[in-house]
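Novice: Take this structure, written in structure tokens, and hold onto it; I'll ask about it next.
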Amino acid sequence: MKASAVPPPSSVEPGAGHQPRSRADLFWSFTWLALQGFGGVLAVVQRELVEKKRWLTREAFLEEWAVAQIMPGPNVLNLSMVLGSRYFGLSGALAAMAGLLTLPLLIVLALAVLYGSVADTPTAQGALRGMGGVSAGLILATGLKLAPALRSNPMGLSVSAALALACFVAVGLLHLPLAWALLGVGGCGCLWAAQRLRGLSAARDSARKAP
Amino acid sequence: MNAIVMHGDDWLALFGHFAGLSLLGVGGAITTTPEMHRYLVQQQHWLSQAQFGTSISLAQAAPGPNILFVALMGWQIGVNAAGGLGAGPQAWWLALLGMGLAMAGSLLPSCILNYLATRWAHRNRELLAVRAFKTGMAPIVVGLLLAIGWLLSAAHDQPARDWPLWALTAATTLLVWKTRLHLLWIMAAGALLGVLGLV
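In order, the protein sequence lines correspond to chains A and B. Under numbering that gives the first Met the number 0, the first residue of the first sequence carries the number 0, and numbering increases by one thereafter. Under numbering that gives the first Met the number 0, the first residue of the second sequence carries the number 0, and numbering increases by one thereafter.
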């Protein structure tokens with residue numbers, strides 16, 4: 000990871016003239032985005048917000064997504080709040096969030112009620128069993144897709160892989176409560192990262208001072 | 000059907016459970032499902048194993064953010080508390096109550112934190128603490144995702160019966176990882192294989 004000392008302030012500004020016109024625009028844009036997002040939203044979010052609407056530059060999108068990803072809560076929801084609040088403050092954040100949730104919530108409830116009335120039929124149970132198998136695969140694949148990003152982690156690949164493995168063992172195999180894994184393994188990760196980043200910037204400073 | 004009895008403090012505990020997990024859901028609420036499973040299914044018996052899995056599968060299959068599985072869990076707990084949707088209007092109200100409590104619990108803390116923290120972190124993005132947090136948590140997100148996929152598969156633990164399902168999960172993992180095939184097709188194929196009784 001390259002950390003420039005002074006990030007260009009323009010990196011978070013959208014392209015000129017491309018921004019949500021109103022809170023209603025935010026609401027419907029995120030509704031439309033959510034309705035396209037089956038399983039994985041990242042691809043849809045990038046295509047809609049960066050390529051079609053150009054509310055964010057590609058660089059700004061990457062930066063915002065990293066934060067949204069790492070904050071607790073659904074990442075696309077976090078991103079919608081960040082975007083909404085930037086243009087319209089709190090009410091913009093709420094409008095974007097409502098857009099993302101309202102219609103999909105009604106759809107999934109309708110599905111659940113429909114499913115409830117056919118839940119005991121072997122057809123419905125079979126379909127759900129199959130889809131459950133696919134869901135597990137989707138999540139595994141998302142983890143595998145993100146894994147290469149650890150190569151550019153300042154802690155180095157081996158430390159990152161060890162932390163990921165420790166987390167997998169703690170939650171997946173030992174069935175430890177999640178808080179322990181996050182505080183224990185995650186806390187170690189943050190401390191180690193702080194150590195490394197401090198070392199890196201010290202090394203950069205001394206290299207700069209050297210003639 | 001899985002009829003249960005919910006008292007006032009149980010509803011409060013339901014809200015509290017989701018609110019407590021809200022801030023731990025780094026990488027999405029899906030990463031807290033192991034804890035939800037331990038509490039809702041194993042400890043309180045508010046949801047059956049099948050209902051728990053169904054909530055996640057339905058929300059994954061439907062469009063929209065995956066967080067909606069929380070709404071479905073709350074909904075289902077409400078339905079269980081009423082003794083089934085057949086119980087009339089009361090069942091719908093309890094289902095809505097359960098859904099509202101579950102969603103409010105899991106959204107309020109994380110959304111408030113996110114709103115305040117992203118504004119703060121944006122202003123202080125060069126701070127060591129901000130960068131150390133992003134850097135140190137990245138491997139944890141990857142490890143958690145793999146653990147969840149593993150747990151969802153391991154819930155089906157009879158090799159003789161479940162090996163086709165494991166094969167489907169493995170095939171999905173490979174397809175999503177290595178190709179750009181639309182997820183909808185894979186989901187449909189999984190449903191079809193299930194209907195035909197092949198997995």
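Heads up, the beta-carbon is just placed ideally off N, CA and C, and yes, glycines get one too. Bear in mind the structure is a predicted one, so any value in this text is a computation, not a measurement.
(1) Note down, in chain order, each residue of its chain lying with its Cβ closer than 7 Å to the Cβ of Gln68 of chain A, except the 5 sequence neighbours on either side.
(2) Quick one: which unbroken alpha helix (DSSP H) runs of 4-plus residues sit fully inside the segment 19-101 of chain B? Chain order, please.
(3) Report the residue ranges of all alpha helix (DSSP H) runs contained in full by the segment 124-150 of chain A; include only those spanning at least 4 residues, in chain order.
(4) Among A:Leu82, A:Pro121, A:Leu99, A:Tyr114, which one has its Cα closest to the Cα of Arg20 of chain A?
(5) Mind listing, in chain order, the continuous alpha helix (DSSP H) runs of no fewer than 4 residues lying wholly within the segment 144-169 of chain B?
(6) Let me see if you follow: with CB-CB separation under 8 Å, is Gln184 of chain A close to chain B or not?
(7) Kindly list the residues whose CB is nearer than 7 Å to the CB of Val184 of chain A, restricted to its own chain and excluding five residues on each side of it in sequence; keep chain order.
(8) Quick one: what's got a C-beta closer than 6 Å to Leu67 of chain B's C-beta in the same chain, skipping five residues either side?
(9) Going by the beta-carbon positions, is the gap between Ile76 of chain B and Leu13 of chain B smaller than 8 Å?
(10) Can you name the start and end residues of the alpha helix (DSSP H) that Met80 of chain A belongs to?
(11) Nearest chain B C-beta to Arg46 of chain A closer than 8 Å, yes or no?
(12) So, is Ala92 of chain A buried or exposed, given that buried needs 16 or more other C-beta atoms within 10 angstroms?
(13) Assuming Leu177 of chain A contacts Leu23 of chain B (C-beta within less than 8 Å), just tell me the rounded distance between them.
(14) Taking 8 Å as the threshold (beta carbon to beta carbon), is Ser10 of chain A in contact with chain B?
(15) If the criterion is Cβ atoms closer than 8 Å, does the pair Pro158 of chain B and Pro103 of chain A meet it?
(16) At least one CB of chain B closer than 8 Å to the CB of Ala202 of chain A: is that the case?
(17) Specify whether the segment 47-60 of chain A and the segment 95-107 of chain B touch according to this definition: at least 3 beta carbon pairs, one from each stretch, less than 8 Å apart.
(18) Looking at Gly189 of chain B: is its Cβ nearer than 8 Å to the Cβ of Leu174 of chain B?
(19) Look at Leu139 of chain A and Thr172 of chain B and say whether their C-beta atoms are less than 8 Å apart.
(20) Can the beta-carbon of Ala61 of chain B be found less than 8 Å from the beta-carbon of Ile106 of chain A?
(21) Could you run through the segment 75-105 of chain A and flag, in chain order, every residue whose CB is less than 8 Å away from some CB of chain B?
(22) Determine, using beta carbons only, whether Leu196 of chain A and Pro153 of chain A come nearer to each other than 8 Å.
(23) For Pro71 of chain A, list the residues DSSP reports as bridge partners.
(24) Check the Cβ of Val170 of chain A against every Cβ in chain B and list those closer than 7 Å, keeping chain order.
(25) Can you give me the start and stop residues for the alpha helix (DSSP H) that Ala186 of chain B sits inside?
(26) Cα separation between Val66 of chain A and Ser54 of chain B?
(27) Which one of B:Leu11, B:Gly52, B:Pro138, B:Leu183 has the shortest CA to CA distance from Met72 of chain B?
(28) Less than 8 Å between the beta carbons of Phe87 of chain A and Ala97 of chain A, yes or no?
(29) Helix or strand or just coil, what does DSSP make of Arg203 of chain A?
(30) Here's the rule I'm using: 16 or more other beta-carbon atoms within 10 Å means buried, otherwise exposed. How should Asp156 of chain B be labelled?
(31) Using a Cβ-Cβ cut-off of 6 Å (strictly less than) and excluding sequence neighbours within five positions of Leu190 of chain A, which residues of its own chain qualify?
Specialist: So, to answer that:
(1) These residues qualify, in order along the chain: Asn74.
(2) Segments of the alpha helix (DSSP H) lying fully in the segment 19-101 of chain B: 32-35, 48-60, 67-81.
(3) At a cut-off of 4 residues, not a single continuous stretch assigned as alpha helix (DSSP H) sits fully inside the segment 124-150 of chain A.
(4) Closest by C-alpha distance to Arg20 of chain A, out of A:Leu82, A:Pro121, A:Leu99, A:Tyr114, is A:Leu82.
(5) Within the segment 144-169 of chain B, no run of alpha helix (DSSP H) at least 4 residues long lies entirely inside it.
(6) The sequence shown places Val at residue 184 of chain A, rather than the Gln named in the question. Interface with chain B (8 Å Cβ-Cβ cutoff): Val184 of chain A is included.
(7) Closer than 7 Å at the Cβ level, and outside the excluded window around Val184 of chain A, lie Leu162, Ala165, Cys166, Ala169.
(8) The residues Ala58, in chain order, have a CB closer than 6 Å to that of Leu67 of chain B in the same chain once the five nearest residues on each side in sequence are set aside.
(9) Leu13 of chain B is positioned such that its CB atom lies closer than 8 Å to that of Ile76 of chain B.
(10) Residues 74-117.
(11) By this cut-off, Arg46 of chain A is not an interface position.
(12) Ala92 of chain A should be labelled buried.
(13) Distance from Leu177 of chain A to Leu23 of chain B at the Cβ level is roughly 6 Å; contact confirmed, criterion being Cβ atoms closer than 8 Å.
(14) Bear in mind that a pLDDT of 41 at Ser10 of chain A, under 50, signals an unreliable position, so the model cannot answer this.
(15) Going by C-beta atoms, Pro158 of chain B is not nearer than 8 Å to Pro103 of chain A.
(16) No - not a single Cβ of chain B is within 8 Å of the one on Ala202 of chain A.
(17) Under the 8 Å Cβ criterion, the segment 47-60 of chain A does not count as touching the segment 95-107 of chain B, having fewer than three qualifying pairs.
(18) Taking the C-beta atoms as reference points, Leu174 of chain B is found no nearer than 8 Å to Gly189 of chain B.
(19) Cβ atoms of Leu139 of chain A and Thr172 of chain B: closer than 8 Å.
(20) With contacts defined as CB atoms closer than 8 Å, Ala61 of chain B and Ile106 of chain A qualify as a contacting pair.
(21) The residues in question are Val75, Leu76, Asn77, Met80, Val81, Ser84, Leu89, Ala92, Met96, Leu99, Leu100, Leu102, Pro103, Leu104.
(22) In this structure, Pro153 of chain A lies closer than 8 Å to Leu196 of chain A by Cβ.
(23) B:Val25.
(24) Pro33, Leu143, Ala146, listed in chain order.
(25) In the sequence on display, residue 186 of chain B carries Met and not Ala. Counting along the chain, the alpha helix (DSSP H) containing Met186 of chain B begins and ends at 182-194.
(26) Going by the C-alpha atoms only, they are around 28 Å apart.
(27) Closest option to Met72 of chain B, Cα to Cα, is B:Gly52.
(28) Not in contact: Phe87 of chain A and Ala97 of chain A (Cβ atoms no closer than 8 Å).
(29) For Arg203 of chain A, the secondary structure class from DSSP, reduced to helix, strand or coil, is helix.
(30) Per the 10 Å Cβ criterion, exposed.
(31) Cβ neighbours of Leu190 of chain A beyond the five flanking positions: none.
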